Structures are given as structure tokens and as C-alpha cells.
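Below: one structure, written as C-alpha cells.
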Amino acid sequence: MPPPPDLSGRHVVLGVTGSIAAYKAASLVRRLKKAGAEVQVLMTPDAERFVTPLTLGTLSEQEVLTDIFPENEEGSWTKHVTLGQWADLFVIAPATAQTVAKLAHGFCDSMLTATALSARCPLLVCPAMDRDMYQHPATQDNLDRLRKIGYEVMPAAHGELASGLVGQGRMPEPGDILQRVADLMAETKASGKAQDMPLAGHTVLVTAGPTREPIDPARVLTNPSTGTMGYAVAAAAAERGASVTLVTGPTSLSPPSNVEVAAVQTAEEMNDAVQARRADADYVFMAAAVADYTPADPSGSKRKKTDEDLVLPLRRTPDILKTLGAHKRTGQVLVGFALETDDALEHARHKLEEKNLDWIVVNDPTEDGAGFGSSTNRVTLLRADGASEDLPRMPKAEVAEILLDRVQAAREKNSA
Ligand code: C5P
0 MPPPPDLSGR
10 HVVLGVTGSI
20 AAYKAASLVR
30 RLKKAGAEVQ
40 VLMTPDAERF
50 VTPLTLGTLS
60 EQEVLTDIFP
70 ENEEGSWTKH
80 VTLGQWADLF
90 VIAPATAQTV
100 AKLAHGFCDS
110 MLTATALSAR
120 CPLLVCPAMD
130 RDMYQHPATQ
140 DNLDRLRKIG
150 YEVMPAAHGE
160 LASGLVGQGR
170 MPEPGDILQR
180 VADLMAETKA
190 SGKAQDMPLA
200 GHTVLVTAGP
210 TREPIDPARV
220 LTNPSTGTMG
230 YAVAAAAAER
240 GASVTLVTGP
250 TSLSPPSNVE
260 VAAVQTAEEM
270 NDAVQARRAD
280 ADYVFMAAAV
290 ADYTPADPSG
300 SKRKKTDEDL
310 VLPLRRTPDI
320 LKTLGAHKRT
330 GQVLVGFALE
340 TDDALEHARH
350 KLEEKNLDWI
360 VVNDPTEDGA
370 GFGSSTNRVT
380 LLRADGASED
390 LPRMPKAEVA
400 EILLDRVQAA
410 REKNSA
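Right, here's the structure in full:
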């Protein structure tokens, strides 16, 4: 057997529909994973009659999605959009006559079909159905239509079918599908696919996490920021082809593999790291929870517990974003984050103006499912021209995608 192709780090969405050949999807998932791809399986409800989500979820190491509407509180109804953007390739194997018809006519009644409609990546359709269904002019017309739309269609294989008939209609073998996936990935990479890499050639600077201000060698002033929001913005920008630097305070997160990381501890160090890079940045996302005050006179040795009460003199840290705003160059986009507990929008609007920002992302840490340490966020995007957009509660990775969409679109419009 030839060695598996190298798909390391590539994102594959695999759509599985209700054909007897669905059991072969398990083998395809294994092969894709063996080749190094990250795989997200989507199933139509009928596919679950032929193979269980548990099987495909276990093999893909990712929860299988079927329903477009989230079942639990943490879910988000925009998942089909973010998955469509995440995917480097969308394979539908097996694709039934029903799903082929839906795709050909833009139906989006399941997670699978809605994601297909949102996807910007190449889409590979591997039909599987009985001989006469495959040959029917309606199906052949639909397959032609898919080719016209720009989808790749692998012809069904010839052989014995589940009905006992012999003819064309078998799903192509998983090994052949894997090879077609690898070829398509290589073609996409070679052509650079501008629409999938809208930030190619752009430099993005992101800050994340808390800062840690020393009181003495054993104690610090800090805050509960986990860095999740900033890391999500950095990952999403890198996925879009940007050259990303992540200036991060101490967090327990692993940075995305394709970003340059500058690790810092204090607000002063973060300021140095950011100011040194500001000139090159086309976009700056200042998601870090920077301490506003630092001990004025940190002790070189551990303080003793001599006094009942201790007063620590503090001094202001540099306002990194305000300095960036004061030096903003034409075309540079500055995005701040505001954590407000009362009169959020009014305070945030004031900050946006005071710091000369283009956007500010407002969230309230006292709201359920928002702010520090939560995997989700509920934010409002405020723009310098006065426009605002309330986003529903959603995972921070999705907030990052939508934020990038909006910020990019506004920059493109301004420079048009
Ligand atoms: O004024 P406030 O701290 O609420 O503003 C929040 C925004 O300013 C965030 O984007 C934060 O990263 C940034 N900031 C900064 N330097 C500071 C404090 C906050 O850049 N010293």
C-alpha cells in the first residue's frame, strides 16, 4: 500500500449522508486522521441509521454534528458559518441522490447542507446510490449542476450494489477518495486560493492574557484573564493567511502553531513588545487584560508579615492602546476590548474616542457566559463611525471569526 499523503494541519469537513455506504465513512475518517488531517464529521439525520455518531466521533476525535440548531446552551447557531470558514476541504461521502439534489438547489435544512452553502473551500462530492437512481436524468442533471457550480464530483464506481443489482452507483473506495482529497489540497495550496486567505500579506498583532505585576519575588498583582479571546483572534487571523504575532501574558493555553509568540509578564514588558512591532501591523487586536496599576516600588526580597495592614503604593502602567492610537498610521486598524460592569456602551464609546480606536469589543464579565474564563462570550461591537452590532452568546472562537469578518470588510470598504 502506498504511504498515506501528508495532510498534517489541514482541516477536512466530512459530510456523511444516509446511504448503506455510510459505514465506509469510518474507514475514510481513519485514513484522513492517519494522514494528519483534523476532521470534523457532519451527518444528516438519515446517516445515523447506517453508522453511529459515536463511531465517527471516536475515530475523528471530534463530536459529530447533525442538527443546525444547538442542543445545549454552549452551542451556537452560527456553527455552520464558522465550520465553512474553518474547512480547507469539504468532502461528502457518501452523497445520496437526496443530498445531491439539495446541494444542487441550495437547500440548507441540516448542519451538513447549511455548512456546504457557507463553505468557501473546494467541495468534493462522492455519490453513492442504486444504479437506476444514479442514472436517472434528474440525478445526472443535479450532478452536472454541481460541476457547474464548481464542485468536484467523483464518478460513482461500478460493481455489485446493495440491492443486488450490478452497475454504476457504488461509493468510490475510501483510498481513492483520500487520494483525490490530497490532490485537491495540493491544487488549492498551489493556486493560493485568494478568497480562502483574505489576510494573506497582512500583518496582525494580537495581545492576550493577563499581566503580572510583581509586589516582591513571591507575590504578584494580576487578574483572572485566561487569554482565550486573544488566542482565538490570533488563530483565526493566521487561518486567514495573516502573519500573526501574539504578545501574551502568562496563560495555560498552547499558542496556535502558525503564529509568532512573544511571552511577557508585566504591562511594561507588554508595552515594549507591542510598541516594537506596531509600525508593521495592519491590524492590532488588544485583547489583553493589562493591569492599570503596578507596585511603585517592588521589593527585591520577600516582604515580612510585620504589619496588620499594608498599604502598597501603586503607579499607573503605560496605556499601550492609547499610545498606539496616538501613533496610528493611515490604513492601520486598532481594535480594543472593553470589560465593563456598568453603563458598558457609554464607557466603551468614550474609550474608543479617547484612544483613537476603529473598533471596540464590549463585554460584561458579570453576565452569564461572558468575560473572564468563560469559553463563550456575549459582546457588542462598536465602530468609530457610531455603528454597533450586538452578537448573541457564542463560543469565543466564533466571536473571533465574526469580529475578523466585520473588521476586514470595513477596512476593504474604506480602502476601495
Ligand atoms: O481603559 P481600559 O483598560 O478599560 O481599556 C481596555 C483596552 O485598553 C483593552 O483593549 C486593553 O487591552 C487596553 N489597555 C492597554 N493598556 C493598559 C490598559 C488597557 O492597552 N494599560
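Going by numbering that gives the first Met the number 0, the letters in the sequence shown line up with residues 0 to 415, in that order.
Ideal Cβ placement from N, Cα and C applies to all residues, glycine included.
Just so we're clear, the structure is a prediction, and the values are computed from it rather than from any experiment.
Open item on the list: Judging by CA-CA distance, which residue of L145, L31, S387 is the nearest neighbour of V360?
Closed with: S387
- [ ] For S117, I'd like the list of residues in its chain whose CB is within less than 8 angstroms of its CB, leaving aside the five on either flank, ordered along the chain.
- [x] H79, V80, L82, G83, Q84
- [ ] Give me the Cβ distance between G372 and N362, rounded to the nearest whole Å; I'm assuming they're in contact under 8 angstroms.
- [x] Actually they are not in contact, since the Cβ atoms of G372 and N362 sit about 12 angstroms apart, beyond 8 angstroms.
- [ ] Compare the beta carbon distance of V28 and L64 with 8 angstroms and say whether it is the shorter of the two.
- [x] no
- [ ] Using 7 angstroms as the cut-off, classify the Cβ of K350 as near or not near the heavy atoms of ligand 1, replying yes or no.
- [x] yes
Task: Test item: CB-CB of D285 and V334 under 8 angstroms - done: Looking at the sequence provided, one finds Met at residue 285 rather than Asp. Cβ distance < 8 angstroms, so M285 and V334 count as in contact.
- [ ] Output the distance between the C-alpha atoms of E337 and G8, rounded to the nearest integer angstrom.
- [x] Strictly speaking, residue 337 in this sequence is Ala, with Glu absent from that position. Using only the alpha carbons, I get a separation of about 33 angstroms.
- [ ] Taking the CB atoms as reference points, tell me whether N376 and K354 lie closer together than 8 angstroms.
- [x] no
Open item on the list: I'd like to confirm something about A383: is its beta-carbon nearer than 7 angstroms to some heavy atom of ligand 1, or not?
Closed with: no
Task: D291 CB to nearest heavy atom of ligand 1 below 7 angstroms - done: yes
TODO: Excluding the 5 residues preceding and the 5 following M269 in the sequence, name in chain order all residues of the same chain whose CB lies nearer than 7 angstroms to its CB.
DONE: T206, T210, V246, G248, V263, A287, V289, I319
TODO: Under 8 angstroms by Cβ, that's how I've got L177 and L31 pegged, so tell me the actual separation to the nearest angstrom.
DONE: 7 angstroms
Task: Within the stretch 40-99, ranges of the alpha helix (DSSP H) (whole runs, at least 4 residues) - done: 52-59, 78-85
Task: According to DSSP, residues forming a beta bridge with G166 - done: G158
- [ ] Give a yes or no on whether the C-beta atoms belonging to V203 and A236 are separated by under 8 angstroms.
- [x] yes
Open item on the list: Restricting to Cα atoms, I'd like to know which of G168, Q134, Q139, Y292 is closest to I19.
Closed with: G168
- [ ] May I ask you to list the residues that DSSP assigns as paired with D126?
- [x] Note that residue 126 is Pro in the sequence shown, not Asp. Paired residue(s): A94.
Task: Classification of P223 by the beta-carbon crowding that lies within 10 angstroms, buried from 16 upward - done: exposed
Open item on the list: Using CA atoms only, rank isn't needed, just tell me which of A86, L351, D66 is closest to C107.
Closed with: D66
- [ ] Work out the CA separation of A295 and V310 for me, nearest whole Å.
- [x] 11 angstroms
Open item on the list: If I measure Cβ to Cβ from C120 and keep anything under 7 angstroms in the same chain, skipping five residues before and after, which residues do I get?
Closed with: A86, D87, L88, F89, D195
Task: Range of the contiguous alpha helix (DSSP H) that encloses A24 - done: 23-33
Task: E62 to L13 span [Cα, whole Å] - done: 12 angstroms
Task: Range covered by the alpha helix (DSSP H) that runs through Y230 - done: 227-238
Task: Under 8 angstroms between C-beta atoms of V15 and A36 - done: no
Open item on the list: For a test of the three-state rule: what should DSSP assign to L356, helix, strand or coil?
Closed with: coil
Task: Within 8 angstroms, strictly: CB atoms of P136 and A94 - done: no
- [ ] Buried or exposed for N413, please, with buried defined as at least 16 other CB atoms from any protein chain shown within 10 angstroms of its CB.
- [x] exposed
Task: CB of M110 within 8 angstroms of CB of L41, strictly - done: yes
TODO: Give the straight-line distance between the Cα atoms of T379 and V243, rounded to the nearest whole angstrom.
DONE: 24 angstroms
Open item on the list: Could you give the first and the last residue of the continuous alpha helix (DSSP H) run that contains P136?
Closed with: 136-148
Task: Contact set for E339: own chain, Cβ-Cβ below 7 angstroms, skip 5 residues either direction - done: H346, A347, V361, D363
Open item on the list: What does the alpha-carbon distance come out to for the pair R302 and T225?
Closed with: 28 angstroms
TODO: May I ask you to list the residues that DSSP assigns as paired with N257?
DONE: DSSP lists no partner for N257.
Open item on the list: Which residues does DSSP list as the beta-bridge partners of P4?
Closed with: According to DSSP, P4 bridges with nothing at all.
Task: Limits of the unbroken alpha helix (DSSP H) element including V398 - done: 395-414
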